[in-house]
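This report concerns only the one structure given below.
2 protein chains.
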Amino acid sequence: MTNTNPARGMRDFLPIDVRKREFVIGVIKEVYEKYGYEPLETPSIENLDTLTNKYGEEGNQLMFKILKRGEKLQQELAEGTIRDEDQLSDLALRYDLTVPLARVIANHRNDLPKFFKRYQIQPVWRADRPAKGRFREFCQCDVDSIGSTSPVIEAEQIAAVSEILNRLGFGDFEVRLNHRKVLSGILEIAGVHEDSHSDALVVIDKLDKIGRGGVEKELKERGIGPEGLARVLALAESGTAATMNDLEDLVSASMVGAEGAKDLEQILGFSSEDTKIVLDPTLARGLSYYTGAIFEIRVPDLAGSLGGGGRYDGLIGMFGKEEIPACGFSLGLERILVVMEERGMFPDDLPSAPADVMVTVWSEETLGESLKLAGELRDAGIRTLVYPQTDKLGKQFKYADQIDVPKVCILGESEIEKSEVSVKDMKTGEQKTVGRSSLVETVKVD
Amino acid sequence: MTNTNPARGMRDFLPIDVRKREFVIGVIKEVYEKYGYEPLETPSIENLDTLTNKYGEEGNQLMFKILKRGEKLQQELAEGTIRDEDQLSDLALRYDLTVPLARVIANHRNDLPKFFKRYQIQPVWRADRPAKGRFREFCQCDVDSIGSTSPVIEAEQIAAVSEILNRLGFGDFEVRLNHRKVLSGILEIAGVHEDSHSDALVVIDKLDKIGRGGVEKELKERGIGPEGLARVLALAESGTAATMNDLEDLVSASMVGAEGAKDLEQILGFSSEDTKIVLDPTLARGLSYYTGAIFEIRVPDLAGSLGGGGRYDGLIGMFGKEEIPACGFSLGLERILVVMEERGMFPDDLPSAPADVMVTVWSEETLGESLKLAGELRDAGIRTLVYPQTDKLGKQFKYADQIDVPKVCILGESEIEKSEVSVKDMKTGEQKTVGRSSLVETVKVD
Numbered sequence: 000m001t002n003t004n005p006a007r008g009m010r011d012f013l014p015i016d017v018r019k020r021e022f023v024i025g026v027i028k029e030v031y032e033k034y035g036y037e038p039l040e041t042p043s044i045e046n047l048d049t050l051t052n053k054y055g056e057e058g059n060q061l062m063f064k065i066l067k068r069g070e071k072l073q074q075e076l077a078e079g080t081i082r083d084e085d086q087l088s089d090l091a092l093r094y095d096l097t098v099p100l101a102r103v104i105a106n107h108r109n110d111l112p113k114f115f116k117r118y119q120i121q122p123v124w125r126a127d128r129p130a131k132g133r134f135r136e137f138c139q140c141d142v143d144s145i146g147s148t149s150p151v152i153e154a155e156q157i158a159a160v161s162e163i164l165n166r167l168g169f170g171d172f173e174v175r176l177n178h179r180k181v182l183s184g185i186l187e188i189a190g191v192h193e194d195s196h197s198d199a200l201v202v203i204d205k206l207d208k209i210g211r212g213g214v215e216k217e218l219k220e221r222g223i224g225p226e227g228l229a230r231v232l233a234l235a236e237s238g239t240a241a242t243m244n245d246l247e248d249l250v251s252a253s254m255v256g257a258e259g260a261k262d263l264e265q266i267l268g269f270s271s272e273d274t275k276i277v278l279d280p281t282l283a284r285g286l287s288y289y290t291g292a293i294f295e296i297r298v299p300d301l302a303g304s305l306g307g308g309g310r311y312d313g314l315i316g317m318f319g320k321e322e323i324p325a326c327g328f329s330l331g332l333e334r335i336l337v338v339m340e341e342r343g344m345f346p347d348d349l350p351s352a353p354a355d356v357m358v359t360v361w362s363e364e365t366l367g368e369s370l371k372l373a374g375e376l377r378d379a380g381i382r383t384l385v386y387p388q389t390d391k392l393g394k395q396f397k398y399a400d401q402i403d404v405p406k407v408c409i410l411g412e413s414e415i416e417k418s419e420v421s422v423k424d425m426k427t428g429e430q431k432t433v434g435r436s437s438l439v440e441t442v443k444v445d
Numbered sequence: 000m001t002n003t004n005p006a007r008g009m010r011d012f013l014p015i016d017v018r019k020r021e022f023v024i025g026v027i028k029e030v031y032e033k034y035g036y037e038p039l040e041t042p043s044i045e046n047l048d049t050l051t052n053k054y055g056e057e058g059n060q061l062m063f064k065i066l067k068r069g070e071k072l073q074q075e076l077a078e079g080t081i082r083d084e085d086q087l088s089d090l091a092l093r094y095d096l097t098v099p100l101a102r103v104i105a106n107h108r109n110d111l112p113k114f115f116k117r118y119q120i121q122p123v124w125r126a127d128r129p130a131k132g133r134f135r136e137f138c139q140c141d142v143d144s145i146g147s148t149s150p151v152i153e154a155e156q157i158a159a160v161s162e163i164l165n166r167l168g169f170g171d172f173e174v175r176l177n178h179r180k181v182l183s184g185i186l187e188i189a190g191v192h193e194d195s196h197s198d199a200l201v202v203i204d205k206l207d208k209i210g211r212g213g214v215e216k217e218l219k220e221r222g223i224g225p226e227g228l229a230r231v232l233a234l235a236e237s238g239t240a241a242t243m244n245d246l247e248d249l250v251s252a253s254m255v256g257a258e259g260a261k262d263l264e265q266i267l268g269f270s271s272e273d274t275k276i277v278l279d280p281t282l283a284r285g286l287s288y289y290t291g292a293i294f295e296i297r298v299p300d301l302a303g304s305l306g307g308g309g310r311y312d313g314l315i316g317m318f319g320k321e322e323i324p325a326c327g328f329s330l331g332l333e334r335i336l337v338v339m340e341e342r343g344m345f346p347d348d349l350p351s352a353p354a355d356v357m358v359t360v361w362s363e364e365t366l367g368e369s370l371k372l373a374g375e376l377r378d379a380g381i382r383t384l385v386y387p388q389t390d391k392l393g394k395q396f397k398y399a400d401q402i403d404v405p406k407v408c409i410l411g412e413s414e415i416e417k418s419e420v421s422v423k424d425m426k427t428g429e430q431k432t433v434g435r436s437s438l439v440e441t442v443k444v445d
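Protein sequences, first through last, are from chains A and B.
Per numbering that gives the first Met the number 0, the first sequence starts with residue 0, numbered consecutively.
Per numbering that gives the first Met the number 0, the second sequence starts with residue 0, numbered consecutively.
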């Protein structure tokens with residue numbers, strides 16, 4: 000017999016799972032719309048050329064590639080001449096939402112406004128080793144603002160993401176904020192050669208995990224003197240948030256660092272005081288393509304982040320001729336869902352039952368009348384289920400109980416005659432008979 | 000330079016496209032929810048085993064298969080030992096929503112109610128030759144009711160689908176209705192041997208395209224005497240809708256045919272008189288797995304159908320031990336969109352602009368105030384864009400015009416001082432200055 004589990008790292012979403020996902024996605028969409036971000040969707044499948052070498056060696060490895068089709072492959076198979084992956088694949092599944100965005104921007108430059116703010120909520124696929132909270136198909140919720148270098152862009156993204164998290168009920172998140180140029184300044188002042196900057200950042204990024212001692216050891220192993228970094232490491236280790244002054248002090252001797260600090264100051268200036276933004280001079284983030292501010296959302300009970308992003312002015316233009324400034328923020332839907340589940344944050348009124356009311360069926364003869372009643376309830380916007388066939392009433396109630404439907408309507412011959420309906424509240428067990436014309440009201444109000 | 004078009008048969012959806020799709024999907028969801036169908040989602044990727052040989056030879060050909068990953072493939076490539084597709088692929092993209100449903104039912108039998116009504120709106124992928132309205136990634140909107148053989152199931156699906164089409168504004172659709180057993184009865188009476196039933200149905204299904212003469216010719220070519228089918232062909236050709244009496248007459252001499260007719264009579268009895276249901280004894284539909292009623296939605300200006308479905312009591316149990324009754328209906332989102340586009344059926348209030356209001360920026364100094372104003376508008380639920388940087392006011396207006404935003408707020412130094420805002424209506428060109436506290440009202444009411 001066939002294995003009926005979903006494929007490795009994949010998930011089925013039963014109704015309650017879908018409702019939870021759609022609740023979160025609904026909040027994300029609503030807030031992004033309010034901020035003037037527009038929806039964009041790109042195909043799941045891209046030409047392999049579009050994606051290859053855009054995500055480093057790891058990306059090339061983890062990409063799901065699609066087998067070529069048609070006679071040529073069959074012929075090569077028959078002839079035994081297949082030696083190379085290029086002969087096998089021409090397409091691949093979307094690996095993130097940024098490279099497709101860059102492709103769309105290049106392709107539709109004239110159909111899109113010069114400042115293009117888009118959100119995109121779609122699955123991506125990575126053949127990663129599955130682990131807790133890590134899946135091979137997962138949903139990314141991205142916003143990106145294309146075409147402006149103004150710090151307003153960053154401030155608005157931070158505001159939008161904060162509003163989303165507040166509305167979902169995260170009271171305790173913080174937005175960690177840093178700047179690639181601040182990091183460059185710190186490293187420059189510490190005397191780290193530019194060629195070693197990437198290396199150094201990878202190590203500093205681990206501060207959370209391996210502590211100051213670990214970072215210093217690893218820096219030494221890579222031939223980077225950690226002495227010059229003592230101040231920033233001490234600052235981060237102290238656990239107290241860095242102030243704008245701390246940051247300016249740290250980088251005052253570096254021109255590029257000072258530029259970064261000034262940029263952050265503006266972003267903070269444009270941000271609401273209600274948002275908890277924490278300057279974190281050790282925040283490094285993936286790093287390869289960021290060029291300006293970088294940010295990350297943290298909550299206390301999650302080791303990783305709920306999302307993050309930053310400015311990347313070099314990437315979006317990759318398929319075109321001109322460099323196009325851009326800044327983006329990606330929320331991790333799967334992680335948000337994990338934390339919300341653990342904390343019990345979903346609203347009580349998320350439907351757990353397939354319907355609000357179930358109409359029972361008395362007999363073959365009255366079935367039509369039950370359907371008519373269901374139609375009346377549905378016309379009033381009430382989610383209504385009809386027991387689909389005749390059956391003992393006890394069995395119908397048992398079913399209603401199993402599916403957790405809050406109210407059941409009974410429509411027997413006597414009720415039909417008197418134009419009445421009996422309504423049973425499945426929680427209290429209470430049953431009352433009401434006139435057909437006041438049924439909608441009864442079911443709604445109760 | 001890389002080709003920046005989407006891959007063959009794939010599409011990018013720009014904001015207005017997404018909004019149109021989401022409008023239709025929103026109506027579909029809302030109606031299905033009201034009828035007590037629950038949402039289900041399955042992964043895009045399935046184990047190849049799950050899908051292979053479920054869709055006939057064509058399905059095996061058109062399925063997008065995923066290349067294996069990892070060292071084994073690399074080794075086989077290096078050794079030149081690849082001769083067979085089995086060595087190359089272990090996964091494939093979802094080809095429809097029915098087989099995954101069957102897998103989920105088998106896998107979650109105990110978590111799901113015995114009558115499970117689910118809807119599922121997700122893309123599927125087929126490596127078909129792209130054509131007008133035919134894409135390699137397209138969205139299916141399926142409802143299926145599992146677990147009951149009652150004709151109530153069919154009647155409810157017809158009612159739900161009809162409500163969707165009515166709400167979308169299709170005033171002229173009809174639901175064509177037939178029954179596999181009626182078809183069997185007709186063929187039985189016509190003296191067609193059971194082994195030739197499938198062949199005969201394939202031919203009869205073409206009546207629309209090749210006419211009566213064509214059908215009779217093809218039937219003869221396949222060795223099927225068309226004489227016995229004269230009545231049904233004449234009936235269909237006459238263009239007048241068959242009545243229940245016609246149907247009963249046609250199949251009265253066949254037991255199985257009479258069973259089918261009785262079933263249809265019940266379905267009609269449970270259906271609203273407002274729904275235009277047309278009995279069509281020549282409707283055959285894909286046919287391979289249907290066992291009972293079959294239906295199809297037709298509109299005058301589309302050669303194909305907007306959707307269709309039927310009862311298939313043998314399929315859902317394929318991954319389990321027991322046979323499970325089921326009936327399903329699939330709406331073709333892409334076709335619905337094509338017709339709605341051609342007929343101009345989308346509502347006027349579908350947003351074409353990224354926002355309802357754009358706030359301009361007077362100067363570097365007032366930028367913060369512009370952001371604050373935008374925040375106030377957003378708090379009132381108004382979709383608001385801020386021009387992201389300082390620029391000549393003329394340029395900002397030109398931009399607002401380009402993106403088609405209906406209202407623009409001007410917040411200069413004098414306005415800020417007096418706690419006022421100037422609002423320009425971009426359609427009329429009219430501009431007026433209002434107190435900050437009545438801005439929301441002004442922008443909303445106007």
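Beta carbons: idealized from backbone N, C-alpha and C, even for Gly.
As the structure is a computational prediction, the values presented were derived from the model and not from experiment.
Show which residues of chain A have a CB atom less than 9 Å away from the CB atom of B:E414. If you number the second sequence from 1, residue 414 of chain B lands on position 415. Chain A residues near B:E414: none, gap ~19 Å exceeds 9 Å.
Mind pulling the beta strand (DSSP E) runs of 3 or more residues that sit fully within the region 38-92 of chain B? 44-46, 64-66 and 88-92
So, are the CB atoms of B:G306 and B:F134 less than 8 Å apart? Looking up residue 306 of chain B in the second sequence gives position 307. Looking up residue 134 of chain B in the second sequence gives position 135. Between B:G306 and B:F134, the gap from beta carbon to beta carbon reaches 8 Å or more.
According to DSSP, B:I381 sits in a beta bridge with which residue or residues? Your numbering for residue 381 of chain B matches position 382 in the second sequence. According to DSSP, B:I381 bridges with nothing at all.
Please go through the same chain and pick out, in chain order, the residues whose beta-carbon is closer than 7 Å to the beta-carbon of A:S43, but skip the five residues on each side of it. Taking the first sequence and counting its residues from 1, one reaches residue 43 of chain A at position 44. Contacts found: L92 and R93.
Interface flag, B:P324 vs chain A, CB-CB below 8 Å: Locating residue 324 of chain B in the second sequence gives position 325, counting from the first residue. No, no contact with chain A.
Inter-stretch contact (C-beta, 8 Å, three-pair minimum) for the region 109-119 of chain B and the region 26-39 of chain B: yes
Starting from B:M357, follow its DSSP beta bridges and name the residues at the other end. As a first step, residue 357 of chain B must be located in the second sequence, where it is residue number 358. Beta-bridge pairing links B:M357 to B:L384 and B:V407.
Hey, is A:L90's beta-carbon within less than 8 Å of any beta-carbon in chain B? Along the first sequence, read from residue 1 onward, the residue named residue 90 of chain A stands at position 91. It does: the Cβ of A:L90 has a partner Cβ on chain B nearer than 8 Å.
Express the C-alpha separation of B:R68 and A:D176 in angstroms, rounding to a whole number. As a working mapping, residue 176 of chain A is identified with position 177 in the first sequence. As a working mapping, residue 68 of chain B is identified with position 69 in the second sequence. Correcting the residue type first, residue 176 of chain A is Leu in the shown sequence and not Asp. Cα to Cα, A:L176 sits roughly 37 Å from B:R68.
Whose Cβ in chain A lies nearer than 8 Å to the Cβ of B:K33? Along the second sequence, read from residue 1 onward, the residue named residue 33 of chain B stands at position 34. Ordered by position in chain A, the residues that pass the 8 Å Cβ test against B:K33 are R377, G380, I381, R382 and T383.
Taking the C-alpha atoms as reference points, what is the distance between B:T290 and B:D194? Taking the second sequence and counting its residues from 1, one reaches residue 290 of chain B at position 291. Taking the second sequence and counting its residues from 1, one reaches residue 194 of chain B at position 195. Going from the Cα of B:T290 to the Cα of B:D194 covers about 16 Å.
Within 8 Å, strictly: CB atoms of A:V203 and A:T281: By 1-based counting over the first sequence, the position of residue 203 of chain A is 204. By 1-based counting over the first sequence, the position of residue 281 of chain A is 282. Per the sequence shown, the amino acid found at residue 203 of chain A is Ile instead of Val. Taking 8 Å as the Cβ cut-off, A:I203 and A:T281 qualify as a contacting pair.
Taking just the CA atoms, how far does A:A257 sit from A:V181? Translated into the one-based positions of the first sequence, residue 181 of chain A becomes position 182. Translated into the one-based positions of the first sequence, residue 257 of chain A becomes position 258. Their backbone Cα atoms lie some 7 Å apart in a straight line.
The region 342-370 of chain B: positions lying closer than 7 Å to chain A by Cβ: P353, A354, L366, G367 and L370
Give me the subset of the region 98-112 of chain A whose CB atoms are less than 7 Å from a CB atom of chain B, sorted by chain position. R102, V103, A105, N106, H107, D110 and P112
Closer than 9 Å at the beta carbon, the chain B residues around A:D48: One-based indexing of the first sequence puts residue 48 of chain A at position 49. Those are T1 and N2, listed as they occur along chain B.
Between the alpha carbons of A:I15 and A:S351, how many angstroms are there, rounded? The residue you call residue 15 of chain A lines up with position 16 of the first sequence. The residue you call residue 351 of chain A lines up with position 352 of the first sequence. If I take the Cα positions, the gap works out to 6 Å.
Check the Cβ of A:A154 against every Cβ in chain B and list those closer than 8 Å, keeping chain order. Residue mapping note: residue 154 of chain A aligns to position 155 of the first sequence, counting from 1. Neighbours of A:A154 on chain B, chain order: L370.
Which one of A:E57, A:P112 and A:L206 has the shortest CA to CA distance from B:K397? As a first step, residue 397 of chain B is located in the second sequence; it is residue number 398 there, counting from the start. Checking every option, the nearest Cα to that of B:K397 belongs to A:P112.
When the cut-off is 8 Å and only beta carbons count, does A:V214 lie next to chain B? Mapped onto the first sequence, residue 214 of chain A falls at position 215. Not one chain B Cβ lies under 8 Å of A:V214.
How about B:G331 and B:E322: do their beta carbons lie closer than 8 Å? Against the second sequence, residue 331 of chain B aligns to sequence position 332. Against the second sequence, residue 322 of chain B aligns to sequence position 323. For B:G331 and B:E322, no; Cβs fall outside 8 Å.
My guess is that B:Q139 and B:S329 are in contact by the Cβ rule of under 8 Å, so how many angstroms apart are they, rounded? Position 140 of the second sequence, counted from the first residue, corresponds to residue 139 of chain B. Position 330 of the second sequence, counted from the first residue, corresponds to residue 329 of chain B. Right, their Cβ atoms sit about 6 Å apart.
I'd like to confirm the pairing. Which residues does DSSP put opposite A:D141 in its beta bridges? Counting from one through the first sequence, the residue named residue 141 of chain A turns up at place 142. Note: A:D141 sits in a beta bridge opposite A:Q119 and A:S329.
Does the Cβ of B:D378 have 16 or more other Cβ atoms within 10 Å, making it buried, or fewer, making it exposed? For the purposes of this step, residue 378 of chain B is taken as residue 379 along the second sequence, with counting starting at 1. Exposed.
Where B:G374 and B:V439 are concerned, what is the direct C-alpha to C-alpha distance, given to the nearest angstrom? For this step, residue 374 of chain B is matched to residue 375 along the second sequence. For this step, residue 439 of chain B is matched to residue 440 along the second sequence. Those two C-alpha atoms are separated by around 11 Å.
Per DSSP, the bridge partner or partners of A:A214: As a working note, residue 214 of chain A is residue 215 in the first sequence. Checking the displayed sequence, the identity of residue 214 of chain A turns out to be Val instead of Ala. In the DSSP output, where bridge partners are listed per residue, A:V214 has none listed.
On the DSSP bridge list, what partners appear for B:V277? Counted from its first residue, the second sequence places residue 277 of chain B at position 278. B:V277 is bridged to B:R175.
If we call anything under 8 Å between Cβ atoms a contact, is B:A158 one with B:S304? Against the second sequence, residue 158 of chain B aligns to sequence position 159. Against the second sequence, residue 304 of chain B aligns to sequence position 305. Not closer than 8 Å, so no.
So what's B:R323 in DSSP terms, helix, strand or just coil? Translated into positions along the second sequence, residue 323 of chain B becomes position 324. It should be noted that the sequence gives Ile, not Arg, for residue 323 of chain B. The answer is coil: DSSP assigns B:I323 none of H, G, I, E or B.
For chain C, find out if any of its Cβ atoms is closer than 8 Å to the Cβ of A:A292; answer yes or no. Looking at the structure shown, chain C is missing, and the protein chains on hand are A and B.
Which residues in chain A have a C-beta closer than 7 Å to the C-beta of B:K116? List them in chain order. Mapped onto the second sequence, residue 116 of chain B falls at position 117. Below the 7 Å Cβ cutoff, chain A contributes P353 as neighbours of B:K116, in chain order.
Pull the bridge partners of B:Q430 from the DSSP assignment, please. Working through the second sequence from its first residue, we reach residue 430 of chain B at position 431. Its beta-bridge partners are B:K423.
Spatial distance of B:E247 from B:G227 (CA atoms): Taking the first residue of the second sequence as position 1, residue 247 of chain B is located at position 248. Taking the first residue of the second sequence as position 1, residue 227 of chain B is located at position 228. Computed Cα separation, rounded: 16 Å.
Would you be able to state if there are at least three C-beta pairs under 8 Å between the region 56-71 of chain B and the region 382-389 of chain A? Segments in contact, no.
Listed from N- to C-terminal order along the chain, which residues in the region 55-79 of chain A have their beta-carbon within a distance smaller than 7 Å of any beta-carbon of chain B? F63, K64, I65, L66, R68, L76 and G79
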